[in-house]
Amino acid sequence: MKKIFVALCKTVLVKCLLIVVLTFLVFSCGDNLTEEYFIDIKPPADISTIDLRLQGRSHSLKIFKPTQLKYKIGDGTTKIYSAKYSLDDKTWTVYSSESTIDINPGDYSPGSYKLKLDLVMSTGTNSIADNIGLEKYVIQKEWDLILDGREAPSLKPLASISKDSLLVIKWPKADHYDFKYYEISANSGFRHISKKISNVNDTTFCDPLYAGEGYRFTVDCITGNSRSYGFESSLELPTEEPQLYIEEIGYEELRVN
1 MKKIFVALCK
11 TVLVKCLLIV
21 VLTFLVFSCG
31 DNLTEEYFID
41 IKPPADISTI
51 DLRLQGRSHS
61 LKIFKPTQLK
71 YKIGDGTTKI
81 YSAKYSLDDK
91 TWTVYSSEST
101 IDINPGDYSP
111 GSYKLKLDLV
121 MSTGTNSIAD
131 NIGLEKYVIQ
141 KEWDLILDGR
151 EAPSLKPLAS
161 ISKDSLLVIK
171 WPKADHYDFK
181 YYEISANSGF
191 RHISKKISNV
201 NDTTFCDPLY
211 AGEGYRFTVD
221 CITGNSRSYG
231 FESSLELPTE
241 EPQLYIEEIG
251 YEELRVN
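According to UniProt numbering, the sequence shown is numbered sequentially starting from 1.
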């Protein structure tokens, strides 16, 4: 009986101590909580602090060859919980404020896309909630992106003679987002012609010096990463051997046409 009584006393003593501790905690937490223990969370800074760079050029999001896209979020001191980049049906999830993602334009159909970022990061308020990961910013941002991983297209030009007797070369418009210029090369008799046209919609060239001789020409397309060698074409105007017409117009006098 004595042992049971001692055990009961110890149990009661422990419970009393727990009640005293809990009471102290409750009353200590009840003191002016409005300003001393709460921190107002401010909106996140402008998301332009995310430095997204392509080949060292900031915000030039045109990709025409396999490229390593560099990103930097904030000043490197803010904790990043997750950053998910998405492009079409592909995603990259990273957990650091500075790294790279690889984009191959050949994996996508040529055209315009949206590169999206879903970012979860610390608020940086240094509050209890912030320190234990319960206070976060959720930020979304997107960039316009143009992708084209194709080689320069091969063009087949055609030549004709205009009503003004000018030789006119025409070719189809180049379908490429990274178009730089057309290069025309032609040989006519002893003449060689070389001309560059940087307007993608300008698909006509006139040669005012053409005099009816044989004409061979090509139109190449040049992009930022490749060059196509177009089909060689030629123009041969039909020629007829001259016919002589002799007419007697008098004594020992002839007219030749």
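Ideal Cβ positions, reconstructed from N, Cα and C, are used throughout, including at glycine.
If you count every other CB in all the chains shown that lies within 10 Å of the CB of residue i, and 16 or more means buried, which is it?
| i | result |
| --- | --- |
| Tyr-81 | exposed |
| Ile-222 | buried |
| Phe-64 | buried |
| His-192 | exposed |
| Pro-208 | exposed |
| Ser-228 | buried |
| Leu-166 | exposed |
| Ile-161 | exposed |
| Gly-230 | buried |
| Leu-155 | buried |
| Ile-73 | buried |
| Ile-103 | buried |
Spatial neighbours of residue i within its chain, please: CB distance less than 8 Å, with the 5 preceding and 5 following residues excluded, ordered by chain position.
| i | result |
| --- | --- |
| Val-26 | Unreliable positioning characterises Val-26 in this predicted model, as indicated by a pLDDT of 47, which lies under 50. A coordinate reading is not provided. |
| Lys-180 | Ser-198, Ile-222, Thr-223, Gly-224 |
| Gly-214 | Ser-188, Gly-189, Ser-234, Leu-235, Glu-236 |
| Ile-101 | Gln-68, Leu-69, Tyr-71, Tyr-85, Trp-92, Val-94 |
| Asp-178 | Lys-62, Phe-64, Asp-148, Thr-223, Gly-224, Asn-225 |
| Lys-173 | Val-200, Asn-201, Thr-203 |
Span of the alpha helix (DSSP H) holding residue i?
| i | result |
| --- | --- |
| Ala-186 | Not the alpha helix (DSSP H): Ala-186 falls in the beta strand (DSSP E), residues 179-188. |
Nearest to residue i by CA position, among the options, is which residue?
| i | options | result |
| --- | --- | --- |
| Asp-75 | Glu-98, Lys-84, Thr-203, Ala-83 | Glu-98 |
| Ala-186 | Thr-100, Lys-114, Gln-68, Ser-233 | Ser-233 |
| Ala-83 | Ser-122, Asp-89, Tyr-108 | Ser-122 |
| Gln-140 | Gly-149, Val-120, Leu-134, Leu-166 | Val-120 |
| Leu-235 | Arg-216, Arg-227, Ser-228 | Arg-216 |
| Asp-164 | Ala-174, Lys-196, Tyr-210, Asn-126 | Tyr-210 |
| Arg-150 | Thr-125, Gly-133, Ala-129, Pro-110 | Pro-110 |
| Asn-201 | Ser-226, Gly-212, Asp-175 | Asp-175 |
| Gly-106 | Lys-173, Lys-136, Pro-66, Gly-212 | Pro-66 |
Under three-state DSSP, which class holds residue i?
| i | result |
| --- | --- |
| Tyr-103 | The question names Tyr, but residue 103 in the sequence shown is Ile. In the structure shown, Ile-103 sits in a strand (DSSP, three-state: E or B). |
| Asp-130 | helix |
| Arg-57 | The pLDDT assigned to Arg-57 is 44, lower than 50, so where the model puts this residue is not dependable; a value taken from the coordinates is nonetheless given after this. Looking at Arg-57 - three-state DSSP - the assignment turns out to be strand. |
| Ser-160 | strand |
| Ser-86 | strand |
| His-176 | coil |
| Glu-135 | coil |
| Glu-98 | strand |
| Leu-235 | strand |
| Glu-151 | coil |
| Asp-144 | strand |
| Thr-77 | coil |
Whose C-beta lies closer than 6 Å to the C-beta of residue i among residues of the same chain, with five residues either side of it excluded?
| i | result |
| --- | --- |
| Phe-190 | none |
| Lys-116 | Ser-86, Glu-142 |
| Pro-157 | Ile-169, Trp-171, Val-219, Ser-233 |
| Val-94 | Ala-83 |
| Ala-204 | At residue 204 the sequence reads Thr, which differs from the Ala that was named. Correct list, in chain order: Lys-170. |
| Ile-184 | Lys-195, Phe-205, Val-219 |
Quick one: residues in its chain with C-beta nearer than 7 Å to the C-beta of residue i, no 5 flanking neighbours on either side, listed in chain order?
| i | result |
| --- | --- |
| Thr-91 | Lys-84, Tyr-85 |
| Tyr-113 | Leu-87, Asp-88, Leu-145, Leu-147 |
| Ser-226 | Glu-151, Ala-152 |
| Lys-136 | Tyr-81, Val-120, Met-121, Ser-122, Thr-123 |
| Tyr-108 | Asp-88, Leu-147 |
| Lys-79 | Met-121, Ser-122 |
For residue i, report the span of its beta strand (DSSP E) as first-last.
| i | result |
| --- | --- |
| Thr-67 | 67-72 |
| Asp-207 | 204-207 |
| Ser-198 | First-last for Ser-198: undefined, no H or E at that position. |
| Gly-111 | 111-122 |
| Thr-125 | Where Thr-125 is concerned, there is no enclosing beta strand (DSSP E), given that its DSSP letter is neither H nor E. |
| Asp-220 | 215-223 |
| Lys-170 | 167-170 |
Shorter than 6 Å, the distance from the beta carbon of residue i to the closest heavy atom of the ligand SAM, or not?
| i | result |
| --- | --- |
| Glu-232 | In the structure on display, the ligand SAM does not appear, and there are no ligands present to speak of. |
Are any of the Cβ atoms in chain D nearer than 7 Å to that of residue i?
| i | result |
| --- | --- |
| Ser-185 | Looking for chain D here will not work: only one protein chain is present. |
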